[in-house]
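Trainee:
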Amino acid sequence: MDQSRLSENNLISDWAPLICDLSNQGYSVAIGIFNAEGRLLEANPALCYFLDADRIQLEPKNFFINPEFSFFLSDKNEELVFEGLMTVGNYADVSYVLQSRVFRRNDRILVYAEADVPNLFEENKKMSVLNQEVNNLQRQLIKEKKNLQTTLAELKETQQMLIHSEKMNAMGKLVAGVAHELNNPIAFVYSNLFSLDKYVAEVFDAIRQIEHQVESVGNQELNETIVQLREKNDLDYLEEDISDMTKESKVGIERVKTIVEDLRRFSRLDESDIKQVDLIENIRSTISIARAEISKKNIDFQFTSPEGLTIECFPGQLNQAILNVLINAVQAVDDGGQVCLSVTNDENNVFISVKDNGNGIPEEIKSRIFEPFFTTKPVGSGTGLGLSITYKIIHDLHNGKIEVHSEAGSGTVFKLVVPSKQVV
Amino acid sequence: MESQNLSPVVKDYLQNLLKGNRSNCSAIARQYLEKNPSIKDLYEEVFKVSLYEVGRFWETNQITVATEHLATAITEGILNELFEQIISGRKYNKKVVVACVEGEQHQVGIKMVADVFEMKGWESFFLGTGIPTSELVKFIHEIKPDILAVSLSVYFNFANLLKMLELLRNEFPDLQIIVGGQAFSRASDQALQRLGNVVLLSDLYLLEKYIETINTNL
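Protein chains in written order, with my numbering: chain R, 1 to 424; chain P, 1001 to 1218.
1. Please state whether DSSP places Ser-342/R in a helix, a strand or coil.
2. Looking only at its own chain, which residues have a Cβ that is under 6 Å from the Cβ of Lys-257/R, when we skip the five neighbours before and after it?
3. Measuring alpha carbon to alpha carbon, tell me which of Ala-329/R, Leu-193/R, Val-102/R ends up nearest Glu-79/R.
4. For Leu-51/R, name the three-state secondary structure that DSSP assigns.
5. Just to confirm my understanding: we take Phe-34/R, look at its own chain, exclude 5 residues before and 5 after, and list those with CB closer than 6 Å. What are they?
6. So, does the CB of Leu-388/R fall closer than 8 Å to a CB anywhere in chain P?
7. Applying the 10 Å Cβ sphere with the 16-neighbour rule, what's the burial state of Cys-20/R?
8. Compare the C-alpha of Gly-172/R against each of Asn-119/R, Ala-153/R, Val-260/R and name the closest.
9. The segment 129 to 155 of chain R: which residues have C-beta closer than 8 Å to a C-beta of chain P, in chain order?
10. Between the C-alpha atoms of Leu-18/R and Asn-44/R, what's the straight-line distance to the nearest angstrom?
11. Counting beta carbon pairs with one atom in the segment 333 to 343 of chain R and one in the segment 292 to 302 of chain R, are three or more of them shorter than 8 Å?
12. From what residue to what residue does the beta strand (DSSP E) around Ser-353/R run?
13. Residues in the same chain with beta-carbon distance under 7 Å from Ser-1050/P, minus the five sequence neighbours each way, listed in chain order, please.
14. Evaluate the contact criterion for the segment 190 to 202 of chain R versus the segment 216 to 224 of chain R: three or more CB pairs, one atom per stretch, below 8 Å.
15. For Trp-15/R, collect the residues of the same chain with a Cβ closer than 7 Å to its Cβ; drop the 5 residues on either side in sequence, then sort them by chain order.
16. Phe-314/R and Leu-385/R look like a contact to me (Cβ under 8 Å); what is the Cβ gap, rounded to whole Å?
17. Does the distance from the C-beta atom of Val-980/P to that of Phe-1083/P stay below 8 Å?
18. If you follow the beta strand (DSSP E) that Asn-66/R is in, where does it begin and where does it stop?
19. Terminal residues of the continuous alpha helix (DSSP H) containing Phe-103/R?
20. Check for me: the alpha helix (DSSP H) holding Glu-1135/P runs from which residue to which?
21. Round the Cβ separation of Val-417/R and Phe-351/R to the nearest angstrom and send it over; I've been treating them as touching at under 8 Å.
22. May I ask you to verify whether the segment 1018 to 1025 of chain P touches the segment 392 to 409 of chain R, counting CB pairs closer than 8 Å and requiring at least 3?
23. Under the DSSP definition of a beta bridge, which residues are partnered with Val-1199/P?
24. Answer yes or no: does any C-beta atom of chain R fall closer than 8 Å to that of Phe-1069/P?
25. Under 8 Å between C-beta atoms, does Asn-349/R make it to chain P?
26. For a cutoff of 8 Å on Cβ pairs, would you count Asn-106/R as touching chain P?
27. Taking Cβ-Cβ distances shorter than 9 Å, what residues in chain P pair up with Asn-399/R?
28. Excluding five sequence neighbours on each side, which residues of the same chain lie with their C-beta closer than 8 Å to the C-beta of Gln-25/R?
29. Terminal residues of the continuous alpha helix (DSSP H) containing Ala-290/R?
30. Quick test of the definition: if touching needs 3 or more C-beta pairs under 8 Å, does the segment 64 to 78 of chain R touch the segment 139 to 157 of chain R?
31. For chain P, is any of its Cβ atoms less than 8 Å away from the one on Asn-119/R?
32. Thinking C-beta only, is Val-1179/P closer than 8 Å to Leu-1204/P?
33. Going by alpha carbons, who is nearest to Lys-61/R out of Gly-32/R, Val-325/R, Phe-82/R, Asp-75/R?
34. Within 8 Å (strictly less), CB to CB, does Asn-1061/P reach chain R?
35. For Phe-303/R, count neighbouring Cβ atoms within 10 angstroms of its own Cβ and tell me buried if that reaches 16, exposed if not.
36. Per DSSP, what kind of secondary structure is Pro-419/R in: helix, strand or coil?
Laid out in structure tokens, this is it:
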């Protein structure tokens, strides 16, 4: 670094011996005398430091990298044999660049070298500023990374929800389609069965009248033929059996009708908006969807509710929410366990409680049961979306809430609180 | 170098800071958090005390500026190590711009302030040091923060702070401004009165309470 010198009457030179002494002791100016063989005869601490002169395995002269020590022994007749930047070091981990001048008087060589201190300070300052910038950038990167992670998790959740809702939607369409297609044949089978019952009764009535007419004529031979015909064709048995068969068929077709009706009501594809519906009828349909699971485990299932409770809701969605909670309860109990679904209401809300006597929810996972993808079921048997979807349906869609009471060993109660009227 | 009344953990941290031993410093911070998981306590009781002590060593001519920078850089590095766990899961959709006074080179304090905001679910924005106030004004126009937090470490820059506040007040009359930093422990009441309509928060605990009050009203 070049800076103009302030000089007045050589004041500094008056202090020359002291300054020389101080420089000789300091670390910013390196001074040393070598002989022509390169042996260091005398050096101040700075030169010892730069040349690593305490190390014995390497001759100090070998620390001159550029120029090498031999350069100082050239045949030039001038006292100043070198001036400029000199690199010293051990070719490995130690390396310094010093502003140097080297003088030669006979076989004595004076090395005078200084570190560019102002430059070092400048560099240090720049490094500090750069370091701060690097630090700030690193911080921004961490933040961006975190933001990306959060976005990714949200996207994953949304994707799964979309897939699930798309599945439910497709299944709903399928169910509604099948139910609709079944409706017509069921209707004519149903009505034909009633006609058939009536016509069969009329046919047997006609046979009896014919027999009666023949009997009144008094022809013995004809009478016997008729009795034989009746016995041969088992008419008494046929009449009784046909009547039983139509009765059973009627019961059967009633059941098919109810199932189809339940499927249709449960899927409620046509009802994606808020509707005034009979909640109890809806819940009955939902129960019948879960009926197979309930029967399979031989569960003691009870359903209590007031009659004719109408509320405003998204019927298909609410059915889905109730089914999720109900299926969870069924899965939570052992074979022969108890599940109780009860509906109550007050002025503003309906309360749908599903109670089971299963093992309860362990304390450590209570706070996580509504998290998407959280499941305690084995891999592949649960998506971990059921309760989180239920939460969205009740909490977000219906402005309701879900209360959970669970004690380890004594079962769980899920209480869905749904406002009877929806504020749009 | 003599330090009195320092806790063992601070002594340990300080010693390693001055030696430039970053990995040891990082380990000390992590060990501290294992015993006491409060990052605010780590900042207040270890980092702040140690760095104030580093500042005192420089003032009393015992260490070079380079060593002071190294100590700060190491601590900032550890702040970054912890930053990921600091960013709060709950977001309040609130923004704070944190800044140093023009001429102020010390940014570690304001970063701790930014961290407390992040812990409380705020989004923090920082331009860096050596930024002229005019740049800060542009930045505030761009970010539109709810709060501006200004740090002053060296009392020498107090006049700059007053100038900066005046400029910001003219530009953003409704912007809530909070100030803090080591310099304020040396400011006289008379000097503090000249700050005008700003909130002075002397430590991270008060800052946390201040943010919580805002958050609960959201």
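The beta carbon of each residue, even a glycine, is placed where N, CA and C say it ideally should be.
Please read all numbers here as calculations on a predicted model, not as lab measurements.
Mentor: This is what the structure holds:
1. One-based indexing of the first sequence puts residue 342/R at position 342. In the structure shown, Ser-342/R sits in a strand (DSSP, three-state: E or B).
2. Numbered from 1 along the first sequence, position 257 holds the residue referred to as residue 257/R. If you ignore the 5 residues before and after Lys-257/R, its C-beta comes within less than 6 Å of the C-beta of Ile-186, all in its own chain and listed in chain order.
3. Mapped onto the first sequence, residue 79/R falls at position 79. Glu-79/R has its Cα closest to that of Val-102/R, out of Ala-329/R, Leu-193/R, Val-102/R.
4. Here residue 51/R refers to the residue found at position 51 of the first sequence. Here Leu-51/R sits in coil by DSSP.
5. In the first sequence, counting from the first residue as 1, residue 34/R sits at position 34. Result list for Phe-34/R: Leu-40, Ile-109, in chain order.
6. Against the first sequence, residue 388/R aligns to sequence position 388. Correcting the residue type first, residue 388/R is Ser in the shown sequence and not Leu. No, no contact with chain P.
7. Walking along the first sequence from the start, residue 20/R turns up at place 20. In this structure Cys-20/R is exposed. Its beta-carbon is surrounded by fewer than 16 other beta-carbon atoms within 10 angstroms.
8. Here residue 172/R corresponds to residue number 172 of the first sequence, with the count starting at 1. In this structure, Val-260/R is the residue among Asn-119/R, Ala-153/R, Val-260/R with its C-alpha nearest to the C-alpha of Gly-172/R.
9. So the list reads Val-129, Asn-131, Gln-132, Glu-133, Asn-135, Asn-136, Gln-138, Arg-139, Ile-142, Lys-143, Lys-145, Lys-146, given in the order they occur along the chain.
10. The residue given as residue 18/R occupies position 18 in the first sequence. The residue given as residue 44/R occupies position 44 in the first sequence. Rounded to whole angstroms, Leu-18/R to Asn-44/R spans 15 Å at the Cα level.
11. With a cut-off of 8 Å, the segment 333 to 343 of chain R and the segment 292 to 302 of chain R count as touching, because enough Cβ pairs lie within range.
12. As a working mapping, residue 353/R is identified with position 353 in the first sequence. Run containing Ser-353/R: 349 to 356, per the beta strand (DSSP E) assignment.
13. Numbered from its first residue, the second sequence carries residue 1050/P at position 50. Closer than 7 Å at the Cβ level, and outside the excluded window around Ser-1050/P, lie Val-1010, Tyr-1013, Leu-1014, Leu-1017.
14. Contact annotation: the segment 190 to 202 of chain R does not touch the segment 216 to 224 of chain R, with fewer than three C-beta pairs closer than 8 Å.
15. For this step, residue 15/R is matched to residue 15 along the first sequence. A distance below 7 Å between beta-carbons, with the five flanking residues on each side excluded, links Trp-15/R to no residue of its chain.
16. On the first sequence, position 314 is the one that residue 314/R refers to. On the first sequence, position 385 is the one that residue 385/R refers to. Wrong, their Cβ atoms sit about 18 Å apart, outside the cutoff.
17. What the structure shows of chain P is the stretch from 1001 to 1218, and residue 980/P is not part of that stretch, so it cannot be assessed.
18. Position 66 of the first sequence holds residue 66/R. Where Asn-66/R is concerned, the enclosing beta strand (DSSP E) starts and stops at 64 to 66.
19. Along the first sequence, read from residue 1 onward, the residue named residue 103/R stands at position 103. DSSP places Phe-103/R in no alpha helix (DSSP H) but in the uninterrupted beta strand (DSSP E) bounded by 95 to 105.
20. If you number the second sequence from 1, residue 1135/P lands on position 135. From DSSP, the alpha helix (DSSP H) with Glu-1135/P extends over 1133 to 1143.
21. On the first sequence, residue 417/R is found 417 positions in, with the first residue counted as 1. On the first sequence, residue 351/R is found 351 positions in, with the first residue counted as 1. Yes, Val-417/R and Phe-351/R are in contact; Cβ-Cβ is about 6 Å, under 8 Å.
22. Contact fails: fewer than three Cβ-Cβ distances are below 8 Å.
23. Stepping through the second sequence from its first residue, residue 1199/P is reached at position 199. According to DSSP, residue pairing for Val-1199/P in a beta bridge involves Ile-1178/P.
24. For the purposes of this step, residue 1069/P is taken as residue 69 along the second sequence, with counting starting at 1. A small correction: the amino acid at residue 1069/P is His; Phe does not occupy that position in the sequence shown. So yes, His-1069/P belongs to the interface.
25. Your numbering for residue 349/R matches position 349 in the first sequence. With 8 Å as the cut-off, Asn-349/R does not count as an interface residue toward chain P.
26. On the first sequence, position 106 is the one that residue 106/R refers to. Using a CB distance cut-off of 8 Å, Asn-106/R does not count as an interface residue toward chain P.
27. As a first step, residue 399/R must be located in the first sequence, where it is residue number 399. Per Cβ cutoff of 9 Å: no residues; Asn-399/R is ~20 Å from chain P at best.
28. Start at 1 with the first residue of the first sequence, and residue 25/R comes out as number 25. Sequence-distant Cβ neighbours of Gln-25/R in its own chain, meaning closer than 8 Å and more than five residues away, are Asn-44, Pro-45.
29. Indexing the first sequence from 1 puts residue 290/R at position 290. Counting along the chain, the alpha helix (DSSP H) containing Ala-290/R begins and ends at 279 to 296.
30. The segment 64 to 78 of chain R vs the segment 139 to 157 of chain R: no contact.
31. The residue labelled residue 119/R in the question sits at position 119 within the first sequence. For Asn-119/R, the answer is no, since every Cβ of chain P falls outside 8 Å of its Cβ.
32. As a working note, residue 1204/P is residue 204 in the second sequence. As a working note, residue 1179/P is residue 179 in the second sequence. Against a cut-off of 8 Å, the Cβ pair of Val-1179/P and Leu-1204/P comes out as no contact.
33. Locating residue 61/R in the first sequence gives position 61, counting from the first residue. Nearest to Lys-61/R by alpha-carbon distance, out of Gly-32/R, Val-325/R, Phe-82/R, Asp-75/R, is Gly-32/R.
34. Position 61 of the second sequence, counted from the start, is the residue given in the question as residue 1061/P. Answer no: the Cβ-Cβ gap between Asn-1061/P and chain R never drops below 8 Å.
35. Residue numbering aside, residue 303/R sits at position 303 when the first sequence is read from its first letter. By the 10 Å Cβ count, Phe-303/R comes out exposed.
36. To locate residue 419/R, count along the first sequence from 1; it is residue 419. For Pro-419/R, the three-state secondary structure derived from DSSP is strand.
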